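A.B. asks: Quick note on my numbering: the sequence shown kicks off at 8 and runs consecutively.
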Amino acid sequence: MKNTKIIATIGPSTIDKIKDIDKYVDIYRINFSHGDKKSHKEYFDKIRENSEKPILVDLPGPKIRIGNIKDKIILKKGDKIIFSQNDGVPVEEEIFYNIVKPGTDIYLSDGDIKVHIDKVEDHKVEGTILDGGILTSKKGINIPDINLPSGITKKDIELLKDGLKLGADYFGLSFILNKDDILKVKDIVKDRAWIISKIETQKAMNDLEEIIKVSDGVMVARGDLGVDIGFTNLIFAQKRIIELSRTYGKPVILATHVLESMVNNSVPTRAEIIDASNSVLEGVDAIMLSDETAIGNNPIDAIEMLNDIIVNVEKNIKSIRPPINDYNDSIALATIDAAEISKSKLIIVYSRTGSSIIRISRLRPSINIIGLTPNKNLLKKLNILYGVYPILEDRNLSSISEIVDYCRKLSKEYIDRGNIIIVGGDPKSKLGKTDFLKIEEID
Ligand SMILES: Nc1ncnc2c1ncn2[C@@H]1O[C@H](COP(=O)(O)OP(=O)(O)O)[C@@H](O)[C@H]1O
Ligand SMILES: C=C(OP(=O)(O)O)C(=O)O
Numbered sequence: 008m009k010n011t012k013i014i015a016t017i018g019p020s021t022i023d024k025i026k027d028i029d030k031y032v033d034i035y036r037i038n039f040s041h042g043d044k045k046s047h048k049e050y051f052d053k054i055r056e057n058s059e060k061p062i063l064v065d066l067p068g069p070k071i072r073i074g075n076i077k078d079k080i081i082l083k084k085g086d087k088i089i090f091s092q093n094d095g096v097p098v099e100e101e102i103f104y105n106i107v108k109p110g111t112d113i114y115l116s117d118g119d120i121k122v123h124i125d126k127v128e129d130h131k132v133e134g135t136i137l138d139g140g141i142l143t144s145k146k147g148i149n150i151p152d153i154n155l156p157s158g159i160t161k162k163d164i165e166l167l168k169d170g171l172k173l174g175a176d177y178f179g180l181s182f183i184l185n186k187d188d189i190l191k192v193k194d195i196v197k198d199r200a201w202i203i204s205k206i207e208t209q210k211a212m213n214d215l216e217e218i219i220k221v222s223d224g225v226m227v228a229r230g231d232l233g234v235d236i237g238f239t240n241l242i243f244a245q246k247r248i249i250e251l252s253r254t255y256g257k258p259v260i261l262a263t264h265v266l267e268s269m270v271n272n273s274v275p276t277r278a279e280i281i282d283a284s285n286s287v288l289e290g291v292d293a294i295m296l297s298d299e300t301a302i303g304n305n306p307i308d309a310i311e312m313l314n315d316i317i318v319n320v321e322k323n324i325k326s327i328r329p330p331i332n333d334y335n336d337s338i339a340l341a342t343i344d345a346a347e348i349s350k351s352k353l354i355i356v357y358s359r360t361g362s363s364i365i366r367i368s369r370l371r372p373s374i375n376i377i378g379l380t381p382n383k384n385l386l387k388k389l390n391i392l393y394g395v396y397p398i399l400e401d402r403n404l405s406s407i408s409e410i411v412d413y414c415r416k417l418s419k420e421y422i423d424r425g426n427i428i429i430v431g432g433d434p435k436s437k438l439g440k441t442d443f444l445k446i447e448e449i450d
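1) Measure how close the beta-carbons of Tyr357 and Leu379 come, nearest whole angstrom, since I'm counting them as under 8 Å.
2) Of the residues Ile159, Asp344 and Ser20, which one's Cα is nearest the Cα of Lys205?
3) So Ser20 and Pro306 are supposed to be a Cβ contact under 8 Å. How far apart are they, rounded?
4) If you run the structure through DSSP and keep just helix, strand and coil, what is Ser204?
5) Mind checking whether Val259 and Val221 have CB atoms under 7 Å apart?
6) What is the DSSP secondary structure of Val96, reduced to helix, strand or coil?
7) Look up Lys388 in the DSSP assignment and say whether it is helix, strand or coil.
8) Just checking, does the region 61 to 75 make contact with the region 26 to 43 on the three C-beta pairs under 8 Å criterion?
9) Between Thr263 and ligand 2, is the CB less than 6 Å from at least one heavy atom?
10) Could you check which residue in Gly432, Asp176 and Leu313 has the C-alpha nearest to that of Lys383?
11) Measuring CB to CB, does Thr254 end up less than 7 Å from Gly230?
12) Can you name the start and end residues of the alpha helix (DSSP H) that Pro306 belongs to?
13) Closer than 8 Å by C-beta to Gly118: which residues in its own chain qualify, once you throw out the five before and the five after it? Chain order, please.
14) Rounded to whole angstroms, what is the Cα-Cα separation between Leu296 and Val265?
15) Please identify the residue among Asp214, Pro397 and Ala228 whose C-alpha is closest to the C-alpha of Ser368.
16) Can you tell me which residues form a DSSP beta bridge with Ile88?
17) Count Cβ pairs between the region 243 to 257 and the region 287 to 304 that sit closer than 8 Å; are there 3 or more?
18) Rank Ile355, Ile364 and Arg366 by C-alpha distance to the C-alpha of Cys414 and give the top, closest one.
19) Work out the CA separation of Lys257 and Asn335 for me, nearest whole Å.
20) Grab the span of the beta strand (DSSP E) containing Val64 for me, first residue to last.
21) Would you mind working out which of Asn105, Asp308 and Tyr114 sits nearest Lys24, comparing C-alpha positions?
22) So what's Thr239 in DSSP terms, helix, strand or just coil?
23) Return yes when the Cβ of Ala345 is within less than 7 Å of the Cβ of Ile446, no when it is not.
24) When you compare the CB positions of Ser181 and Lys146, do they come within less than 7 Å of one another, or not?
25) In whole angstroms, give me the CA-to-CA distance for Leu404 and Val411.
26) Check this for me: beta carbons of Gly74 and Ile302, under 7 Å apart or not?
27) How far does the beta strand (DSSP E) with Leu399 in it reach, from first residue to last?
28) Taking only three categories from DSSP, how would you classify Tyr177?
29) Just how far apart, CA to CA, sit Ser351 and Met312?
30) Considering Asp125, what are the terminal residues of the beta strand (DSSP E) in which it resides?
31) Looking at Tyr421 and Asn10, is the spacing between their C-beta atoms short of 7 Å?
32) Determine whether the beta carbon atoms of Ile89 and Glu133 lie at a separation below 7 Å.
33) Against chain C, with Cβ distances strictly below 7 Å, would Gly18 count as a contact?
34) With a cut-off of 8 Å on the beta carbons, I'd call Asp433 and Phe443 a contact; round off their distance for me.
35) I want to check one thing, is the minimum distance from the CB of Gly74 to the heavy atoms of ligand 2 below 6 Å?
36) Over the uninterrupted alpha helix (DSSP H) stretch that includes Thr300, give me the two end residues.
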């Protein structure tokens, strides 16, 4: 099985195809910026009916969006555009009409469309298209240099509660500005779901280390981040986010425009293939598809293509190791070396808190890790981690010898013969430690 995970955003193109894509998808993403309470429940139900994989709910944050428009609007350079709730392209958020300034440029649809603002009147904004494109409902509006007060809105909290009731495994937080935004949400969520911080602004980049430390995972949200920091600066931000996340052992997701051309075409561009391959080499835990699977014409081809790219890179090249943090990492490091030297086929990590599983996954072994945990609440969430396939330990194992015996049996479901590595924290020792390692021969 591949090590780098695939996250698919579910939309009209895939909601009735869950069975067909489940083989390759590790996590389903539902973007709560779209749809309503009823459709969110329908999406959960349809996914749950056809799959056991975890669900990531993405919260909108304070992003201003185009309202609902009937048909797509084709905008060409030089065209005039009017934003107005009554007679023009609708924008619901009041704040929009107060913060746009004449003489400035704003961006629509992740920066695809650039608009120069000519005139601002009460609830009516007029502009001229500088870069054209196709505009559809609910696309984002980016206004450079505005100061948003907090990344968590009242609406987010409402949607968060809906998502918790539906049983979301992870929440993506959009436009978080600092660690306080994350702590506020964690206070509500506790350990029911993992919090994934989406890095979308220069402000978040300035506070990156603090944000990563308090998050359960991080997303390189290249759509909005690119507009905010400039497309040509994205490469530096991407590398820094991935490197720091890996240093702190936080799963990191690469998102947006991964195989964008496959929205319309059946084959991606060479540049897209190389970009996705490079992110596997950079050691991301997961790669996310957005429009490709939500509204694209070729969602299944896009998922299969991403799977092929991942498998091919993982077969041929190794990702680089992050730095060692503390003495628990010495057993983790020994695991990787032992697996390579003994040509092991499988690593089984036993962990009550998940820390040993994260610790081994962080070092990116080339073989799969079975994450064996008695912690039901943690089980599905582990799916996002590089190389990790979680299994519930429901036999109340209480000693290393019981764990080793059970792992020997379990491994036979996955390999015929050869070595396996068993590693983790002794169930009798303090939580969070990685303090045993064993190489077992299966014959
Ligand atoms: N639940 C949904 N219902 C309808 N359309 C959706 C849904 N989720 C996503 N989409 C469509 O797919 C596009 C890409 O998804 P995503 O990247 O999550 O959204 P955005 O970039 O708008 O935040 C969206 O802009 C929207 O047009
Ligand atoms: C993933 C992103 O955010 P969203 O698609 O939710 O706007 C992004 O901006 O890259």
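Ideal placement from N, C-alpha and C gives every residue a C-beta, glycine not left out.
Note that this is a predicted model, so its numbers are computed, not measured.
C.D. replies: Reading it off the structure:
1) Their Cβ separation, rounded to whole angstroms, is 5 Å, which keeps Tyr357 and Leu379 in contact under 8 Å.
2) It is Ile159.
3) Between Ser20 and Pro306 the beta-carbon gap is near 5 Å, inside 8 Å, which marks them as a contact.
4) strand
5) The criterion of a C-beta distance shorter than 7 Å is not satisfied by Val259 and Val221.
6) In this structure, Val96 counts as strand in the three-state DSSP scheme.
7) helix
8) yes
9) yes
10) Asp176
11) no
12) Pro306 to Asn323
13) Here Gly118 has Asn149, Gly230, Gly233, Val234 and Phe238 as same chain residues with Cβ atoms under 8 Å from its own Cβ, once five neighbours each way along the sequence are excluded.
14) Taking the straight line from one Cα to the other gives about 7 Å.
15) Taking Ser368 as reference, the option from Asp214, Pro397 and Ala228 with the minimal CA-CA separation is Pro397.
16) Ile88 pairs with Gly134.
17) yes
18) Among Ile355, Ile364 and Arg366, the Cα nearest to that of Cys414 belongs to Ile355.
19) Taking the straight line joining both Cα atoms gives about 16 Å.
20) Ile62 to Leu66
21) Asp308
22) helix
23) yes
24) Lys146 sits away from Ser181, with the two beta carbons spaced by 7 Å or more.
25) Put simply, the backbone Cα of Leu404 is about 10 Å away from that of Val411.
26) No, they are not a contact pair.
27) Val395 to Leu399
28) strand
29) 28 Å
30) Ile120 to Glu128
31) Against a cut-off of 7 Å, the Cβ pair of Tyr421 and Asn10 comes out as no contact.
32) yes
33) Given the protein chain composition of this structure (a single chain), no chain C is represented.
34) Phe443 and Asp433 do touch by the CB rule: their CB atoms are close to 5 Å apart, below 8 Å.
35) no
36) Asp298 to Ala301
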